[in-house]
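Below is one structure, written out as structure tokens; the observations come after it.
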Amino acid sequence: MEAVNAIGRRKAAVARVFVTEGTGKIVINKRELENYFPSSILQYIVKQPLNTLNVADKYDIRVNLDGGGYKGQSEAVRLGIARALVKINPEDKAALRAQGFMTRDPRVVERKKPGQPGARKKFQFSKR
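In numbering that gives the first Met the number 0, the protein residues as written are 0 to 127.
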């Protein structure tokens, strides 16, 4: 099997994921998963699609990550891995869709508006 690639996005984060057959090694920006995401919660988020399909030790995963924070990056990687696994085996799509791993979360930061200090907040109003 040759490398299968997919892209996952979340907030400002973009993850380019490359999946090959292997032993379950996950490398993000040339660093091990445990070094890149020290938090066990973020590691769990990244591994969710693999654990759902019980293929955690079947594929090696290489990821190029760009932008965003820890949470957005981890969820972008999760989406990218899920999309790559579906390219490898399309029958897995229903199981991943049921867990919500195939859905691109459209929520992003609302832009700041002119004449206001933020997206929704207004400057203090003075009646007199």
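Built from N, CA and C at the ideal position, the CB exists for glycine as well.
Keep in mind the model is a prediction, meaning the values are calculated, not measured.
In angstroms, rounded to a whole number, what distance separates the CA positions of residue i and residue j?
i	j	result
V108	K24	33 Å
G21	G117	48 Å
K70	R30	17 Å
N53	D59	14 Å
K10	V76	12 Å
I need the DSSP call for residue i, collapsed to helix, strand or coil.
i	result
N34	helix
L78	helix
E20	strand
G71	helix
R127	coil
Since residue i sits in a beta bridge, which residues does DSSP pair it with?
i	result
D65	V13
V3	V18
For the putative contact between residue i and residue j, defined by C-beta atoms under 8 Å, what is the C-beta separation to the nearest angstrom?
i	j	result
L64	V45	That belief does not hold up - the Cβ atoms of L64 and V45 are roughly 11 Å apart, past 8 Å.
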